[in-house]
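Which chain is which? The protein sequence lines are D and W, in order.
Numbering follows our numbering, with no gaps: position 149 of the first sequence is 149.
Numbering follows our numbering, with no gaps: position 186 of the second sequence is 186.
The block underneath contains the structure these notes are about, expressed in C-alpha cells.
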Amino acid sequence: MSPDTSYPEGSALKGQIVNRHRRGSAWQLAFQVSTIIGIIALIALLYNITNQAFGLVAIQNKVEPSSLVLAREEERLLSAANTVTSEDDNELVAGIASDATAIGFFGYAYYQQNSDQLKLLTVDGIAPTAENVANETYPLVRPLYLYTTADVLAQNQAANVFLNYYLTHVNEEIADVGYFATTDTQLSAARTAWITASGLDLQPGQWAAINPEGISGQLSVVGSSTLFPVNERIAERLATAGFAATVNLESVGSTAGLRAFCEEGTADIAAASRSITSAEFEACRENGRLPIEIQIGTDALAIVTSPENSFTTNVTPQELRTLFDTATTWADANEAWPASPVARYIPGADSGTLDFFAATVFPIDLADLPKDTLVELLAANISVGLGRRLEREQRFYDDRLVFDDPDLFAEACASDEPAAGCTMPARDQENVYELLLQEVVAPDVVSAWSLMDSLFARDEVETFVATEYPNAELTFRSWLTLDFITSPQSSTPEFAGVRTAIMGSLWVVAITVLVSFPIGVGAAIYLEEYASPSFINRTIQTNINNLAGVPSIIYGMLGLAIFVRTLEPLTSGALFGIGDGTTANGRTILSAGLTLGLLILPVIIIAAQEAIRAVPQSLRQAGMALGATKWQTIWAHVLPSALPGILTGTILAISRAIGETAPLVVVGASTLIFVDPDGPFAKFTTLPIQIYQWTARPQAEFRNIAAAAILVLLVLLLSLNASAILLRNRYARRA
Amino acid sequence: MQGELNMSSTVTGFANGNLAVEARNMHVFYGSFRAVKDVSLKIKTHAITAFIGPSGCGKSTVLRSFNRMNDLVATARVEGEILYHGNNIYSNDVDPVEIRRRIGMVFQKPNPFPKTIYENVAWGARINSYKGDMDELVENSLRQAALWNEVKDKLQESGYSLSGGQQQRLCIARTIAVKPDIILMDEPTSALDPVATLRIEELIQELKKNYTIIIVTHNMQQAARASDFTAFYNMDEDRAGYLVEYSGTNELFTNPKNELTEQYITGRFG
C-alpha cells in the first residue's frame, strides 16, 4: 500500500507546523504592539496633564503686606508721648547723651563717631560686632546695595571703571565710615553678577588690573544718604588715582535714588540702604532698565542710651517694642528697671532708618490685625467703586457703610432684586483679610514652570527668577487643590476654581441619565420583546444604529432648534413660573441635559438591546410556562438578567456625555459664569467647556488650571464609572 | 393516514372522566413549513404518556402545543383543536396564560431562575396570587420533587448552586408549586447523567399519583421503563411529523402494529 501523500509527513510536517506557529506569533506580536501603543498614548496623555498641573511658580505681590502697614506703624512711633524726632542725627546724639532716661536708635556709623557720648545696648545679648553683623545674628541689620543695569555697564566706560574700583576697594573704606564689610562670598557673587552683566571678557584675577587713570566721561550715583559717605570716599580715591570722569554724587534717599534710576533714567547707579521693591522693579523693567543688584556692605542699627543710664546694657526685642510704643516709664518694659519716664529719640519720618526700624522691630502679620484696621487698609487702597461692589455683596459692618452712600444702598436694597449684602450678616475679620489679600496685596503668579522643568531644571528656574523677579517667591504649586475644586470660576487664574463647572456637569449628567436611561431601556424592551419584525420596525432599528454614529455637533444644533428655541417656555422654566427666563433664554441645564440625553439615547438602546438579546430564551420560557404574563416574565427575569449589560452600556454612554463639549457650545453653555447652578432652569457651564475655554486664554496660568481641571474631570469620570460598576456588580452577583 | 388514526384509537378505552387532554386533527406550521401533520390523540389522567420518535419528528412540537408554548415562536401557527376540559385551548377566548398555569412544563435543559432556591419555587405561586402559606407551599413542592432534604438548609442560595439533576428537580418543584393538572416534560433527563436520570424517573412515577404527565424522550428504554402509554411519531417525505402508533407501552414495545414502529424500537432507524 503506497503511503498517503495528501498530507505532509516527517520534516515537511514539522516545518509546516513551525510555519503556522510563526504566523500566530507574528499576529500576537502585532497585537502586543497595538496594546503597547495604546498604553504609551495613555501615559503620554497623563504625563502632559500632570506636567502642567504641578510645578514651580514665581509669585509676586503687587503690594508687600509689610509696606501696607508700615506707614501706620511709623505714625504710631512718631506720635508716641515724650518722643523727640529729628532728621539730624547729631541732634539725637546730643539729646540722648544728656538724658539719663533716654533711649534712641540710628545707624551704627553715628554711634561709632560718638561712642564716647553714648552707651551701646546689646539686643538679646548680641552686640553689633563685625562678626555678628556678617552672619546676621544681630537682628537689626540691613544690606546696602548699588543698582545698575547691563546697558549702563556696556555703554558707560566711566561707570564701568567706577564700579570695578568700588568693588575692589570698598572694604578698605566701609568699616571706617561705620558700616560692616560684606563677606567674601557676597562680594564674589556681586562681582560675578557685574561681570556677567557687563559682558566684559574678564577673569576675577584681572579686576585690580584695570587702571582708572585717564578715563574720562560722566556718571551719576544717586540715592541713599547712608551710603553717601562711602561713595564720596571711593570717588575721592579715584580722583587721586587719575580718574578724569565727572562723578555726580547725590544724597537724596534710597527711594528718590531708585526713582531717578528706574523711572527718570537720570542715574547710572542707584545707592540704596534697602532692597528694591517689586513696584520699583516693575517700573525699572517697564523702562527697559532691568536692575543688577550688588551688595557692597551691611549697616546695623545701634540702640543707644546715655552713659548715665546705669540699670541696663541689654534689651530684648519685646522690651524694645514696648519702649518705643506704649511704655511711659522704663518699668513698663521691664519691672527691674526704674519707674522713671522714658524719653524716646527717633529719626524723622523721611528717614529710611525709621522705615527699617519699624519694619524689623514691629513685624506685622496682616492676618493678626483687627477687623477695623483691615477695613481701613482696604479703604485706603481700593477704589470707591470696587468698595461699593464689595459692600453690596456683603457689608463690612452691620450698622454702618464704609464705601456706599446710605441712600443709594437703601435704594438698591428696596429694588426687585436686592443685593446679597442687604440681608447677609457683615463680613468677619477673616473675610476682610481675604479681601485685602485678593484686592490689594494681590499675589500674582508672574511665571510658572512645568513639572519636568521644576524637577530637572530647578537651577535655571532659580537663576531666572533671581534676575527677572527678585521679589517674587518661588514655590512649588499644585494647581489642583481643594480650593480649586471648591472655588467658583474667576477671571484670575490664581483664584479660579471648578466648583461651578462640576456642579454644572453633575446637573447636566443627572438630567441626561434621567431622560435617556428609561427611554432607552424602554425602547430596547419594545424592540426586542414586543416589536414584530415588520418593515417599520426594521426601519426604526436601522435608524437607531445610524443615529449612534451621527456627529455630536448635529445633536447640538438639534438641541438648539428644539429645546432652546422651540421649547423655550418649558426649558427656561417660564412655563412653571420658575427660573429666570430673561437671562437664560432656554440655554439651561434642562436643554443641555435633554440634548445630551438624545445624543446617548441610541447608544443606550443598542447596548440594552444587546443585553436583552443575550438573556437565554429558556429563561423566558420558564417564566411563561408557570403562567406568568409576558410583562411579568420580562420584569422579573429578563430585565434583572440584562441589567449588568444595560448598565455597562449606560456607563459608557454617560462617560461620553460627561466629556462632550461641542453640542453644549451650540446649546449655549455659559462662557464665564460665577454662580452655581441651582436647578434645571439655571444657566450652566460644564467641566469640558471650562477646560476648553481656559486652554484658549492667552495667559499661561490658565493652561495650568486647565490641566488641573482635566485631572478633576478624569477623577469625576472615574468615580462615576466606579460607582456604576459597583452597582452593576451588585446586580450581577445577585443573579 | 386514516389507518394510523385508527391505531391511535387503541387507547380510547378509558372513560371520559379520565380524559386529561385531547388533540384533534392538529397541524402545526412554522411559517409555511408544516412541522406536524394531522395528530389526534387522547391523554389519560394520572398516567405517564411518552412521546418517542426520531429527531425532527415533531414530538416536542406536539408537546409544546398542549400549553401553547409554540405561541412564543412568532411564526408558529396551530390548526385543528386541542380540547382541555371540553374547550379548545386555541379558541380566541382562551388566554394562554391560564392554560400554562394549568398545564405546566419542564424543559430539556434545567433552567432555574437566577434567584434563590426559595424564590424559584415561590415566584410562580406569587404571580398567580397564591393565598396560602408560602413557606409551606415551597416545602411541600420541594418534598414532592424529592429535593427538600438536599436543599432545606440552603433555601436562600442561588438555584444555580445546585447540580444539574438537582436543578431539574427544582424546575419540577417550581412547576408543581402552581398546582397544574398536567405536566409536560420535554426530554427532562437528556442533559443529565444516568444516576440523576434514574432519580428523575423515580420522581415521575411518584408524581403520576397527582398529575397527568406527558414526557418526550429520546430514550426508548426510558419510555419502556417509565411510561404507561407511548406514542410513536415519525416524519414523512415532506419532513412533517405525524403520529404513527399510539398504544399502551407494553403493547407498543412487545407487539407493534406498524412496521415502522417495529423498525424503530428494534433500532433499525432513528
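Even for Gly, the Cβ is constructed at its ideal location relative to N, Cα and C.
Given the structure is predicted, the values throughout are model-derived calculations rather than measurements.
Asked                                                                                                                 : Found
Buried or exposed (CB count within 10 angstroms, at least 16 for buried), D/CYS413                                    : exposed
Where the beta strand (DSSP E) containing D/TYR7 begins and where it ends                                             : From DSSP, D/TYR7 is part of no beta strand (DSSP E); its letter is neither H nor E.
Selection of the region 99-117 of chain W by Cβ proximity to chain D, strictly under 7 Å                              : ARG100, ARG101, GLY104, MET105, PHE107, LYS109, ASN111, PHE113 and PRO114
Segment contact, 8 Å Cβ cut-off, at least three pairs: the region 75-90 of chain D with the region 344-354 of chain D : yes
Near-chain D residues of the region 24-35 of chain W (beta-carbon distance less than 8 Å), N- to C-terminal order     : none
Residues that W/ASN67 contacts on chain D, provided the C-beta gap is smaller than 8 Å                                : ALA625
Given 8 Å, three or more beta-carbon pairs between the region 632-650 of chain D and the region 584-595 of chain D    : no
Endpoints, the alpha helix (DSSP H) within which W/ASP135 is located                                                  : 134-144
Member of D/GLY253, D/GLY38 and D/ALA267 whose CA lies at the smallest distance from the CA of D/ARG274               : D/GLY253
W/ASN234 burial status per 10 Å Cβ neighbour count (16 or more: buried)                                               : buried
D/GLU263 versus D/CYS284 - alpha carbon distance                                                                      : 6 Å
Residue nearest to W/THR217 in terms of C-alpha spacing, selected from W/ARG34, W/GLY31 and W/GLY53                   : W/GLY53
Contacts of W/ALA74 in chain D (Cβ-Cβ under 9 Å)                                                                      : SER532 and PRO533
Euclidean distance between Cα positions of D/ILE710 and D/PRO663                                                      : 19 Å
Chain D contacts from the region 196-220 of chain W (Cβ-Cβ distance under 9 Å)                                        : none
Positions along the region 127-145 of chain W whose CB lies within less than 8 Å of some CB in chain D                : ILE127 and ASN128
D/ARG22 classed as buried or exposed, judged by whether at least 16 other C-beta atoms fall within 10 angstroms       : exposed
W/MET220 burial status per 10 Å Cβ neighbour count (16 or more: buried)                                               : buried
Cβ-based burial, D/GLN16 [other Cβ within 10 Å; buried from 16]                                                       : exposed
Sequence-distant residues of its chain with Cβ nearer than 7 Å to D/LEU727 (five each side left out)                  : LEU647
According to DSSP, residues forming a beta bridge with D/ASP299                                                       : D/ARG142
Residue range of the unbroken alpha helix (DSSP H) whose run includes D/SER655                                        : 639-659
Length of the line joining the Cα atoms of W/VAL94 and D/THR595                                                       : 46 Å
Cutoff 8 Å: D/ALA622 Cβ touching any chain W Cβ                                                                       : yes
CB contact below 8 Å: W/ARG174 versus chain D                                                                         : yes
Whole-angstrom distance between D/ILE485 and D/ALA724, CA atom to CA atom                                             : 23 Å
Cutoff 7 Å; reference D/GLY581; Cβ partners in own chain excluding five residues on either side                       : Because D/GLY581 sits at a pLDDT of 47, beneath the cut-off of 50, its placement in the model cannot be relied upon, and the following sentence gives the value as read from the coordinates. Contacts found: SER572, GLY573 and ALA574.
Contact set for D/ALA267: own chain, Cβ-Cβ below 6 Å, skip 5 residues either direction                                : SER220, VAL222, ALA260 and PHE261
Distance between beta carbons of D/GLU293 and D/TYR145, contact taken as under 8 Å                                    : 6 Å
Neighbour flag for D/ALA642 against chain W, beta carbons, 8 Å                                                        : no
Euclidean distance between Cα positions of D/ASP453 and D/VAL461                                                      : 8 Å
Residue range of the beta strand (DSSP E) that includes D/GLY107                                                      : 102-107
DSSP state of W/ALA76 mapped onto helix, strand, coil                                                                 : strand
D/ASN171 versus D/ALA358: straight-line alpha-carbon distance, rounded                                                : 29 Å
Contact list for the region 586-619 of chain D against chain W, Cβ threshold 7 Å                                      : SER618 and LEU619
Under 7 Å by beta carbon: chain B residues contacting D/THR629                                                        : Chain labels in this structure do not include chain B; the protein chains are D and W.
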